[in-house]
Amino acid sequence: MCAVTQATSDYKMYFYTNMMDKHMVNRQTAIEPGLVSTFDAIYTIPQFWDFMEFTFLVMLQDGDFKTSDFSSIYSSTNDTQKYAEIFGDIRNRVFKHGNVLIGPPRLRQIRVKPDGCNRNAVFSRDLKHCYSPYSWLMEDRTVHQGVLWQSMYATGYTPLSCEIETYLGAGFVVNMNYDNQENLKLIKQLRADKWLDQGSRAFMVEFNAYHVDTHLFELAKLVVEKPSTGVCVPNMKLRTLRRGWFFSTPLWAIVTLAYYIYIILITASEIMLIKEMGFCRYLGVMRHVSVSDEFINMDISWNINIVYNNICGFIIFIAWLRLLHFVGFNRTMVIFVRVIHASKREITGFLLLFFTISMAYTQCGMVLFGGMDPQFRNMLSSIVTIVRWTVGNSNFADMSYSNIVITRIYYISFVIVVFIILLFAFQAIINDTYDEIKHIALTRPSQLGKVLKLYFRSLCDLLYFVVCGKRKRRPPIDVDAKAELESDRRVDPQQAAAMAAMRHIHSQ
Numbered sequence: 003m004c005a006v007t008q009a010t011s012d013y014k015m016y017f018y019t020n021m022m023d024k025h026m027v028n029r030q031t032a033i034e035p036g037l038v039s040t041f042d043a044i045y046t047i048p049q050f051w052d053f054m055e056f057t058f059l060v061m062l063q064d065g066d067f068k069t070s071d072f073s074s075i076y077s078s079t080n081d082t083q084k085y086a087e088i089f090g091d092i093r094n095r096v097f098k099h100g101n102v103l104i105g106p107p108r109l110r111q112i113r114v115k116p117d118g119c120n121r122n123a124v125f126s127r128d129l130k131h132c133y134s135p136y137s138w139l140m141e142d143r144t145v146h147q148g149v150l151w152q153s154m155y156a157t158g159y160t161p162l163s164c165e166i167e168t169y170l171g172a173g174f175v176v177n178m179n180y181d182n183q184e185n186l187k188l189i190k191q192l193r194a195d196k197w198l199d200q201g202s203r204a205f206m207v208e209f210n211a212y213h214v215d216t217h218l219f220e221l222a223k224l225v226v227e228k229p230s231t232g233v234c235v236p237n238m239k240l241r242t243l244r245r246g247w248f249f250s251t252p253l254w255a256i257v258t259l260a261y262y263i264y265i266i267l268i269t270a271s272e273i274m275l276i277k278e279m280g281f282c283r284y285l286g287v288m289r290h291v292s293v294s295d296e297f298i299n300m301d302i303s304w305n306i307n308i309v310y311n312n313i314c315g316f317i318i319f320i321a322w323l324r325l326l327h328f329v330g331f332n333r334t335m336v337i338f339v340r341v342i343h344a345s346k347r348e349i350t351g352f353l354l355l356f357f358t359i360s361m362a363y364t365q366c367g368m369v370l371f372g373g374m375d376p377q378f379r380n381m382l383s384s385i386v387t388i389v390r391w392t393v394g395n396s397n398f399a400d401m402s403y404s405n406i407v408i409t410r411i412y413y414i415s416f417v418i419v420v421f422i423i424l425l426f427a428f429q430a431i432i433n434d435t436y437d438e439i440k441h442i443a444l445t446r447p448s449q450l451g452k453v454l455k456l457y458f459r460s461l462c463d464l465l466y467f468v469v470c471g472k473r474k475r476r477p478p479i480d481v482d483a484k485a486e487l488e489s490d491r492r493v494d495p496q497q498a499a500a501m502a503a504m505r506h507i508h509s510q
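Numbering (my numbering), first residue to last: 3 to 510.
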């Protein structure tokens with residue numbers, strides 16, 4: 003379990019993602035006197051272009067080889083040998099310290115078709131086109147300002163799940179390059195041509211970076227959603243991947259086994275590919291791939307890593323729960339397990355009651371505060387809010403801007419029903435069942451001390467054999483078979499009579 007956990011997460015991965023978040027998302031940029039912009043503050047298309055021009059491109063200009071980087075930690079050519087294995091224009095690909103772009107960044111947008119909704123005849127003179135909310139059927143798949151639409155299958159993208167919608171197409175892609183001056187001209191040209199307009203439903207800048215010191219990949223997608231209502235909603239998607247999971251950490255047995263299984267499968271796949279393509283053609287493909295300097299789509303690796311981490315987390319959770327099987331050496335834990343088993347019907351009924359009341363408050367909150375409070379903007383957010391309130395993480399001040407009378411009635415009734423009635427009812431169920439099980443439970447005397455004593459005695463016998471060259475003789479252990487079952491070493495009279503009768507029958 004520890005090996006799987008160590009292989010999937012590392013503190014370096016957190017700090018690398020945190021660094022990207024501070025430099026790109028939370029970085030405040032002064033556009034003009036009195037006007038400061040951040041990525042989280044984007045709510046219009048012009049603000050997105052300002053972010054690209056004054057924040058994103060400026061961040062890419064600071065690097066180890068840039069003359070404007072006066073705080074560069076690399077002062078000699080010998081310190082830059084770590085970049086020797088990386089192909090391409092290293093000077094313009096490195097930003098900050100040790101971060102190398104894996105392919106140039108790219109701009110991407112997903113659009114909907116014009117006239118995808120019904121227009122009112124009164125407004126038809128002023129509104130030439132009507133753009134509907136995003137859906138897969140209404141996605142624009144034509145040519146937009148000379149840029150062809152691309153499918154997920156052709157580009158290797160995966161569905162993009164954001165706060166408002168899940169987008170099922172790759173959309174329109176514009177590739178940038180490593181020259182920031184050319185990128186600046188491209189950004190200004192796209193802004194002047196109104197490449198983003200009312201038909202845009204999601205637009206983003208995405209790039210992949212590799213840190214030469216920690217051997218970590220950073221997959222970044224800075225997404226801005228634009229619903230049909232008009233206000234933009236920014237979303238940040240950062241994911242850190244390791245270059246080598248197995249040899250960058252201690253070689254735990256399970257990790258090593260998984261690594262070699264993976265290598266065997268990949269090697270077999272490559273051998274089959276060589277047989278199908280031919281050895282010469284295979285070398286030609288490898289030679290072409292080794293010199294590729296375009297944007298590398300790593301969405302598949304992104305999603306595989308997410309699925310892998312989810313599976314590992316579930317397995318680790320189940321493995322730790324499996325340890326409850328070995329709690330039989332303690333009377334209190336045995337009684338606790340029996341209490342849960344004996345009260346499973348009552349607990350099931352309580353959970354159904356709790357679920358019903360929680361859903362009632364969830365949907366009531368959506369109706370009352372859904373248009374004003376972000377905590378109740380949809381069903382999922384409302385459920386999360388009710389669960390958060392149930393565990394005590396509630397703040398009445400967050401709802402103060404709603405109707406104060408209805409808010410107070412809603413909040414106070416929730417506290418009374420959930421905290422005072424339901425939770426105390428659950429506690430009463432457990433306490434009543436515990437009192438019943440405690441008086442009738444038959445448990446074995448604790449064997450933990452005997453197990454530990456036997457273990458250390460075996461070690462002492464081994465040391466005695468190594469030092470003296472002979473085995474140590476010990477008296478035979480007297481096993482009391484009659485005291486096999488006890489309840490705190492006190493036998494119930496009825497059970498004692500039954501056991502005596504059984505011994506009498508066997509003796510005959």
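Glycine included, each C-beta is placed from N, C-alpha and C at the ideal position.
- Between W51 and R203, the CB-CB gap reaches or exceeds 8 Å.
- With respect to the 8 Å criterion, N305 and T168 are not classified as neighbours on the basis of their beta carbons.
- Apart from sequence neighbours up to five positions away, the residues of its chain that approach F352 with a beta-carbon distance below 6 Å are F428, ordered along the chain.
- Counted as a single uninterrupted DSSP element, the alpha helix (DSSP H) harbouring F50 occupies residues 47–53.
- T269 is classed as exposed because its beta carbon has fewer than 16 other beta carbons within 10 Å across all chains shown.
- Taking each of L464, I439, F398 in turn and checking the Cα distance to I337, the smallest one comes out for I439.
- It is roughly 21 Å from the alpha-carbon of V389 to the alpha-carbon of A430.
- Nearest to R95 by alpha-carbon distance, out of V214, Y18, K474, V417, is V214.
- Looking at the backbone, the Cα of F219 and that of L243 are separated by about 5 Å.
- Taking 8 Å as the cut-off, the Cβ atoms of G394 and F378 do not count as close.
- Judged by DSSP secondary structure, Y413 falls outside any beta strand (DSSP E) and instead within the alpha helix (DSSP H) spanning 406–416.
- Relative to F17, the option among I47, G315, R241 whose CA is nearest is R241.
- Within the same chain, no Cβ atom closer than 6 Å to the Cβ of L323 is found once the five residues on either side in sequence are excluded.
- Note on Q111: 16 or more other CB atoms within 10 angstroms of its CB, so buried under the neighbour-count rule.
- Considering only L382, G373, V419, N405, the residue with the shortest C-alpha distance to T392 is V419.
- Taken atom to atom, the span from the alpha-carbon of Q147 to that of P236 is near 24 Å.
- Collapsing the DSSP output to three states places I166 in coil.
- Spatial neighbours of K223 in its own chain (CB-CB distance under 7 Å, excluding positions within 5 residues in sequence) are listed in chain order as M206, E208, K239.
- DSSP, reduced to helix, strand and coil, places M206 within a strand of the structure shown.
- Cβ-Cβ distances below 6 Å link M54 to I189 in the same chain, with the five nearest sequence neighbours on each side left out; the list follows chain order.
- Judged by DSSP in its simplified three-state form, H441 adopts helix.
- By DSSP's assignment, T31 forms a beta bridge with S39.
- A distance below 8 Å separates the beta carbons of F356 and L424.
- Judged by beta-carbon spacing, C164 lies beyond the 8 Å limit of I44, meaning their Cβ atoms are not closer than that value.
- Annotation: K239 is outside any alpha helix (DSSP H); the continuous beta strand (DSSP E) that includes it extends over 235–244.
- Between S153 and T144, the alpha-carbon positions lie close to 12 Å from each other.
- By the 16-neighbour rule on beta-carbons within 10 angstroms, F58 is buried.
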